[in-house]
Amino acid sequence: MLEIVTVKALNDNYDYLVHDADTGRTAVVDVADAAPVLETLGARGWSLDEIWLTHHHWDHTDGVAELRAATGATVTGAHADAHRLPALDRAVATSETFDFAGHEIRILPADGHTVGHIAFYIPSAGALFSGDSLMVMGCGRLFEGTPAQMWETISRFADLPDETLIYSGHEYTGTNIRFALSIDPDNAALHDRAKSVEATLAQGGQTVPAPLALERHTNPFLRASDTGLKRALGMEQSSDLEAFTEIRARKDRF
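Structure follows, in structure tokens:
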């Protein structure tokens, strides 16, 4: 069984340690800052074997050099993004798999926030490390990709099992849910989730990860095909992609 530990970094970043107790092997997903990762490893008595990168942005890679020097961990990232990632020991293609401590790790394409973005899916753990593609109650800003690419990405993720936990790269849920309410104010499920999120954050807790089933029900970006949300947007005759594009544009202005 894998143990997943959230490591807070910078202002609102999350890096994730993935530890297999049987073999003692440990990986980390993204490294915003090496210091909190090293501190968490030390507190648990773990060594680090692998670093997995979702995309090239500095707030997901800045700690890689220091962490690799301190631990000797190997670095995995997308072949398509290798030219702007830290030096890779293993460059992976989308839809490729690799083994980690006896667990299958699937590489899923996640273009949209950037081009060349990938996600790491571990079926045995029911875990999706989505970086800045699908966020809890949101999706990443489109810095490089198109709305069509992001819609394809998160639609692909929506087909994963209900119990899949979404480990996204930031604690943005409070802002994301306020935006969701601004475009769908009569949604009772959203109001219920907003109360839960507000209480969690007020107590200093984390809203990430979140189950995919809940995200499908309340995340407006995953609900672009929902007739009720289209009605709230005044887009009842629009395609799902057109609705998604409008939702993303409104979030950019929010």
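Count along the sequence shown starting at 1, add 167, and that's the number in our numbering. Ideal placement from N, C-alpha and C gives every residue a C-beta, glycine not left out.
### Local conformation of Gly-298 per DSSP, three classes
In the sequence shown, the residue the question calls residue 298 occupies position 131. In the structure shown, Gly-298 sits in a strand (DSSP, three-state: E or B).
### Message
The beta strand (DSSP E) that contains Thr-243, what's its start and end?
### Response
Locating residue 243 in the sequence shown gives position 76, counting from the first residue. Residues 241 to 245.
#### Entry: Cβ-Cβ separation, Cys-306 to Phe-452 (assumed contact under 8 Å), whole Å
Shown here, the chain extends from 168 to 421; a query on residue 452 therefore has no answer.
### Query
Does DSSP put Trp-219 in a helix, a strand or coil?
To locate residue 219, count along the sequence shown from 1; it is residue 52. It is a strand residue.
### Query
If you check the beta carbons only, do Val-184 and Thr-193 fall under 8 Å apart?
Start at 1 with the first residue of the sequence shown, and residue 184 comes out as number 17. Start at 1 with the first residue of the sequence shown, and residue 193 comes out as number 26. The question names Val, yet the displayed sequence has Leu at residue 184. Yes. Within cutoff.
#### Entry: First through last residue of the beta strand (DSSP E) which encompasses Asn-180
Taking the first residue of the sequence shown as 1, we reach residue 180 at position 13. Per DSSP, Asn-180 belongs to the beta strand (DSSP E) from 180 to 187.
#### Entry: Straight-line Cα distance separating Trp-213 from Met-168
For the purposes of this step, residue 168 is taken as the residue at position 1 of the sequence shown. For the purposes of this step, residue 213 is taken as the residue at position 46 of the sequence shown. Distance between the alpha carbons of Met-168 and Trp-213: 16 Å.
### Query
So, is Trp-219 buried or exposed, given that buried needs 16 or more other C-beta atoms within 10 angstroms?
Along the sequence shown, read from residue 1 onward, the residue named residue 219 stands at position 52. Result: buried.
### Query
Can you tell which of Phe-287, Gly-279 and Pro-352 has its C-alpha closest to the C-alpha of Glu-319?
Here residue 319 is taken as the residue at index 152 of the sequence shown, counted from 1. The candidate whose alpha carbon is nearest that of Glu-319 is Gly-279.
### Task
Pull up the distance between the alpha-carbon of Ala-292 and that of Val-364, whole angstroms please.
As a first step, residue 292 must be located in the sequence shown, where it is residue number 125. As a first step, residue 364 must be located in the sequence shown, where it is residue number 197. Approximately 24 Å between the Cα atoms of the pair.
### Residues that Tyr-339 bridges to, as DSSP identifies them
Here the question's residue 339 lines up with position 172 in the sequence shown. Answer is none; Tyr-339 lacks a bridge partner.
### Message
Buried or exposed for Pro-376, going by 16 or more other Cβ atoms inside 10 Å?
### Response
Residue mapping note: residue 376 aligns to position 209 of the sequence shown, counting from 1. Classification for Pro-376: buried.
### Query
Nearest to Ser-297 by CA position, among Asn-180, Glu-170 and Ala-416, is which residue?
For this step, residue 297 is matched to residue 130 along the sequence shown. Among Asn-180, Glu-170 and Ala-416, the Cα nearest to that of Ser-297 belongs to Asn-180.
### Query
Are the stretch 349 to 360 and the stretch 311 to 331 touching, with three or more C-beta to C-beta distances below 8 Å?
no
### Query
In this structure, does DSSP put Arg-251 in helix, strand or coil?
As a working mapping, residue 251 is identified with position 84 in the sequence shown. Arg-251: helix per DSSP, three-state reduction.
### Message
Within a Cβ cutoff of 7 Å, which residues of the same chain sit near Asp-197, ignoring the five residues on either side of it in sequence?
### Response
As a position in the sequence shown, residue 197 is number 30, starting the count at 1. Only Asp-182, Leu-220, Thr-221, His-227, Gly-298 and Gly-336 meet the Cβ criterion.
### Query
Alpha carbon to alpha carbon, what distance is there between Gly-269 and Ala-188?
Residue numbering aside, residue 188 sits at position 21 when the sequence shown is read from its first letter. Residue numbering aside, residue 269 sits at position 102 when the sequence shown is read from its first letter. Spanning the two alpha carbons is a distance of roughly 11 Å.
### Query
Does DSSP put Asp-266 in a helix, a strand or coil?
Mapped onto the sequence shown, residue 266 falls at position 99. Residue state, collapsed to three classes: strand.
#### Entry: Helix, strand or coil at Phe-324 [DSSP, three-state]
To locate residue 324, count along the sequence shown from 1; it is residue 157. Of the three classes helix, strand and coil, the one that applies to Phe-324 here is helix, per DSSP.
#### Entry: Residues near Arg-273 in its chain [Cβ-Cβ closer than 6 Å; skip 5 each side]
As a position in the sequence shown, residue 273 is number 106, starting the count at 1. Result list for Arg-273: Thr-264 and Tyr-288, in chain order.
### Message
Using 8 Å as the threshold, is the C-beta distance between Ala-366 and Thr-385 below it?
### Response
In the sequence shown, counting from the first residue as 1, residue 366 sits at position 199. In the sequence shown, counting from the first residue as 1, residue 385 sits at position 218. Contact flag unset, no.
### Query
Using CA coordinates, which residue listed in Thr-207, Ala-260, Gly-341 and Ala-416 is at the minimum distance from Leu-234?
Your numbering for residue 234 matches position 67 in the sequence shown. For the residues Thr-207, Ala-260, Gly-341 and Ala-416, the minimum Cα distance to Leu-234 belongs to Thr-207.
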